[in-house]
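Q:
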Ligand SMILES: [Zn+2]
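Residue numbers (the working numbering): 9 to 258.
In structure tokens, the structure reads:
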């Protein structure tokens, strides 16, 4: 099992981060943690150094933070990504969030920044992990326009656009929301197994609003198996293989 999208840098894990990771190591092949704010860069990079063959990292800029970001912070972030490129498995999460951002000028900034990070990923030859909320059409338009190839859409929620995703040969990761959402069930049913990965977005999406942990991908496997009418072992094997090749995990 591999969780391809969680946030181990969040302060929720400050009291017992190493214990959480040890629990994951008992059951899982790898965990991909995602740094979405420049302030979390160093902590994320240290996790990679501490657990080099188990923790893999994505570095990006969540569209929601663009409002508060100073130009200098962005330039520094890009420099740091370039300097540490060998430790970084993908650029993400990047994308568009029109749910938290209503102002048109900030939405325009998000689109510009999104394109900028896509070209950074191309320059560094890295795959990209996408966040998209209430901006699904614009997200796909930009991905198509920039001819992005190695794409993972995290928590994707627009089932009517799945044919476009399949046509482009992109991937979707499914998390605990699949346990209760009909829309996500449809997406999962329609996506080919070779294009599916597992995620938790931990610490969020825990049961009863409690802190979540990457090990809960186990439940997602069972749900996918139910939806696709396949053996859970087959889902585990395929999603692990997909994650390994997408993030270059040995
Ligand atoms: Zn996330």
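No residue lacks a Cβ here, since even glycine has one placed at the ideal position from N, Cα and C. These numbers come from a predicted model, not from an experiment.
1. Using the Cα positions of residue 184 and residue 170, report the straight-line distance between them to the nearest angstrom.
2. For the beta strand (DSSP E) that contains residue 11, what are its first and last residues?
3. Can you tell me whether residue 178 is buried or exposed? The criterion is at least 16 other CB atoms within 10 Å of its CB, across all chains shown.
4. Do residue 14 and residue 208 come within 8 Å of each other at the CB atom, strictly closer than that value?
5. Please report the distance separating the alpha-carbon of residue 168 from that of residue 107.
6. Give a single yes or no on whether residue 129 has its beta carbon closer than 7 Å to a heavy atom of ligand 3.
7. If you measure from each residue's Cβ to the nearest non-hydrogen atom of ligand 1, which ones come out under 7 Å, in chain order?
8. Between 187, 152, 138, which lies nearest to residue 180 when the distance is taken from Cα to Cα?
9. Of all the options 155, 68, 164, which has the alpha carbon lying nearest to the alpha carbon of residue 182?
10. What does residue 115 pair with, by DSSP beta-bridge criteria?
11. If you follow the beta strand (DSSP E) that residue 267 is in, where does it begin and where does it stop?
12. Report yes or no: do three or more beta-carbon pairs, one from the stretch 225-245 and one from the stretch 69-85, lie closer than 8 Å?
13. Compute the distance between the beta-carbons of residue 9 and residue 239, then report whether it is under 8 Å.
14. Select from 237, 254, 50 the residue whose C-alpha is nearest the C-alpha of residue 196.
15. Within the same chain, show all residues whose beta-carbon is closer than 7 Å to that of residue 212, passing over the 5 residues directly before and after it, in chain order.
16. For the candidate residues 176, 247, 226, 214, whose alpha-carbon lies nearest to that of residue 201?
A: Well, looking at it:
1. 19 Å
2. 10-14
3. buried
4. Pairing residue 208 with residue 14 gives a Cβ-Cβ distance under 8 Å.
5. Residue 168 and residue 107 have their C-alpha atoms some 19 Å from each other.
6. Absence of ligand 3 is noted for the structure shown, with ligand 1 being the only ligands found.
7. 13, 15, 42, 44, 101, 139, 162, 209
8. 138
9. 164
10. DSSP output for residue 115 lists no bridge partner at all.
11. The question about residue 267 has no answer here: the residues shown for the chain are numbered 9 through 258.
12. no
13. no
14. 237
15. 220
16. 247
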